[in-house]
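A short worksheet on the structure shown next.
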Amino acid sequence: MRLVLASASPARRATLIAAGITPIVHVSTVDEDAVLAALPGGRAFCGGATTPADEVAALAAAKCADVCEALSAPSQASELPAGEPVLVVGCDSMLEIGGQMLGKPHTPDVARERIRAMRRTTATLWTGHCAAILAPASSTQENTAAGRAVSASVTRSASTQVHFGDISDAEIDAYVATGEPLHVAGSFTVDGLGGPFIEGVTGDYHSVVGISLPLLRSMATELGVFWPDLWDAPRP
Numbered sequence: 014m015r016l017v018l019a020s021a022s023p024a025r026r027a028t029l030i031a032a033g034i035t036p037i038v039h040v041s042t043v044d045e046d047a048v049l050a051a052l053p054g055g056r057a058f059c060g061g062a063t064t065p066a067d068e069v070a071a072l073a074a075a076k077c078a079d080v081c082e083a084l085s086a087p088s089q090a091s092e093l094p095a096g097e098p099v100l101v102v103g104c105d106s107m108l109e110i111g112g113q114m115l116g117k118p119h120t121p122d123v124a125r126e127r128i129r130a131m132r133r134t135t136a137t138l139w140t141g142h143c144a145a146i147l148a149p150a151s152s153t154q155e156n157t158a159a160g161r162a163v164s165a166s167v168t169r170s171a172s173t174q175v176h177f178g179d180i181s182d183a184e185i186d187a188y189v190a191t192g193e194p195l196h197v198a199g200s201f202t203v204d205g206l207g208g209p210f211i212e213g214v215t216g217d218y219h220s221v222v223g224i225s226l227p228l229l230r231s232m233a234t235e236l237g238v239f240w241p242d243l244w245d246a247p248r249p
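When we follow this note's numbering, the leftmost residue of the sequence shown carries the number 14, and every step to the right adds one.
In C-alpha cells form, the structure reads like this:
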C-alpha cells in the first residue's frame, strides 16, 4: 500500500523515507486561519474551550480531507496506483509556550522574538495527525464519478516536551539569518540547524520533527493497515 503525505514538509518526508516509506507527496491548499477561526470552542490561547490538541487535530483533518477530495478527481487518477487503496496522512504542528499556540513565524522579527522567549524554557510541541483510507469506489458503499472515496479515517494528536538551552542573542541572530526557522512551527527545528540549541526532548522525537511514527503506526493499525505493507521493499 502507498502512503500519500498531505504536506510539503521536507522533514516529514525525510522521516518517512528513513522509516522505509517513500510517500507520494500531494500538498493541501487548506486555509489554516479559516479552519482555526471556525472551531466552535474558540482559539485555545484566546481563552476558548478548544484545546491545543483540538487545534492541531482540526488542521490535520482539514488537510487530509482536502487532499482526499483532490485525489478523487479523475485528473488525478494517474498519480495513484490503479485499483488499490492508499493511506492519506495529514499533519500539523504548533508550539505551546506561555499559554499561546505558535505556528510558523514567517518573518525574521517574529522568529527572533519567539526564540528569545523560548530560551532556557520548556515548551510543548503539539502535532495533529489524520489518516484516511482512500479506496476505489467499487470497494466502498459510496460511488463517485471520480472513482475513489474515503472508506475510513482516524484523527489523533500527540504532545512532546522540548527543553531549550541558553541561546545567546548573537546565536539567535545567526540562526534567524539562515532562514530555517521562518517556515517551521515554533521557529525551530530539532533535526536541523536548531538542534544544538535544544537540550532534550521528553516524548517522541519524531513528533517534534513533525510526524509521530509510533502514533501513525497505531492509527494505521486501527484502519486495518499492516505497517510493513507500507515499506518500499517487499517484506519477508
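Virtual Cβ for every residue (Gly too), placed ideally from N, Cα, C.
First through last residue of the alpha helix (DSSP H) which encompasses residue i
{"i": "HIS196", "result": "It is not in any alpha helix (DSSP H) - HIS196 carries neither H nor E in the DSSP assignment."}
{"i": "ALA165", "result": "Segment 161-177 is the beta strand (DSSP E) holding ALA165; no alpha helix (DSSP H) there."}
{"i": "LEU236", "result": "Where LEU236 is concerned, there is no enclosing alpha helix (DSSP H), given that its DSSP letter is neither H nor E."}
Residues near residue i in its chain [Cβ-Cβ closer than 8 angstroms; skip 5 each side]
{"i": "LEU229", "result": "VAL102, HIS142, ALA144"}
{"i": "VAL203", "result": "VAL175, ILE211, VAL214, TYR218, VAL221, VAL222"}
{"i": "ARG25", "result": "LEU18, CYS104, VAL222, GLY223, ILE224"}
{"i": "GLY205", "result": "ALA24, GLU193"}
Which listed residue (the options) has its alpha carbon closest to that of residue i
{"i": "SER41", "options": "GLU212, ILE146, LEU72", "result": "LEU72"}
{"i": "ARG169", "options": "LEU226, GLY111, ILE30", "result": "LEU226"}
{"i": "THR173", "options": "ALA32, CYS81, VAL214", "result": "VAL214"}
{"i": "ALA50", "options": "ASP79, VAL69, GLY207, ASP179", "result": "VAL69"}
{"i": "GLY160", "options": "ALA83, ALA190, ILE180, PRO209", "result": "ALA83"}
{"i": "VAL43", "options": "ALA75, ALA130, ALA32, LEU52", "result": "ALA75"}
{"i": "MET131", "options": "GLU92, PRO98, ASP182, SER106", "result": "ASP182"}
{"i": "VAL99", "options": "VAL48, SER106, LEU16, GLY178", "result": "LEU16"}
{"i": "PRO209", "options": "GLU235, ALA190, GLY178, ALA187", "result": "GLY178"}
{"i": "ARG133", "options": "SER231, HIS119, ILE180, GLY111", "result": "ILE180"}
Neighbour flag for residue i against chain C, beta carbons, 9 angstroms
{"i": "VAL102", "result": "The question asks about chain C, but that chain is absent: this structure has only one protein chain."}
6 angstroms Cβ shell around residue i - same chain, five flanking residues per side excluded
{"i": "ALA246", "result": "none"}
{"i": "PRO65", "result": "ALA57, GLU109, MET114, TRP139"}
{"i": "VAL80", "result": "ALA19, HIS39, SER41, VAL101"}
{"i": "THR35", "result": "ASP245"}
{"i": "PRO121", "result": "VAL189"}
C-alpha distance - residue i paired with residue j, whole-angstrom precision
{"i": "GLY192", "j": "CYS77", "result": "28 angstroms"}
{"i": "LEU108", "j": "LEU115", "result": "5 angstroms"}
{"i": "SER166", "j": "LEU147", "result": "9 angstroms"}
{"i": "ALA27", "j": "VAL38", "result": "12 angstroms"}
{"i": "GLY94", "j": "GLU184", "result": "Reading off the sequence, residue 94 comes out as Pro, not Gly. PRO94 and GLU184: Cα-Cα distance of roughly 47 angstroms."}
{"i": "ALA158", "j": "PHE239", "result": "Low per-residue confidence applies at ALA158: pLDDT is 45, beneath 50, and the placement is therefore not dependable, though the value from the model is reported in the following sentence. Their backbone Cα atoms lie some 29 angstroms apart in a straight line."}
{"i": "LEU195", "j": "PRO241", "result": "35 angstroms"}
{"i": "LEU29", "j": "SER22", "result": "11 angstroms"}
{"i": "THR135", "j": "PRO149", "result": "45 angstroms"}
{"i": "MET14", "j": "GLY96", "result": "11 angstroms"}
{"i": "VAL197", "j": "GLY207", "result": "11 angstroms"}
{"i": "GLY199", "j": "ARG127", "result": "8 angstroms"}
{"i": "ASP67", "j": "THR137", "result": "14 angstroms"}
Host beta strand (DSSP E) of residue i (start-end)
{"i": "LEU16", "result": "15-18"}
{"i": "VAL261", "result": "Because the chain here runs from 14 to 249, residue 261 falls outside it and cannot be looked at."}
{"i": "LEU138", "result": "135-149"}
{"i": "ILE110", "result": "99-110"}
{"i": "LEU115", "result": "113-115"}
4 or more residues per run - each alpha helix (DSSP H) lying fully within the segment 198-226: 218-222
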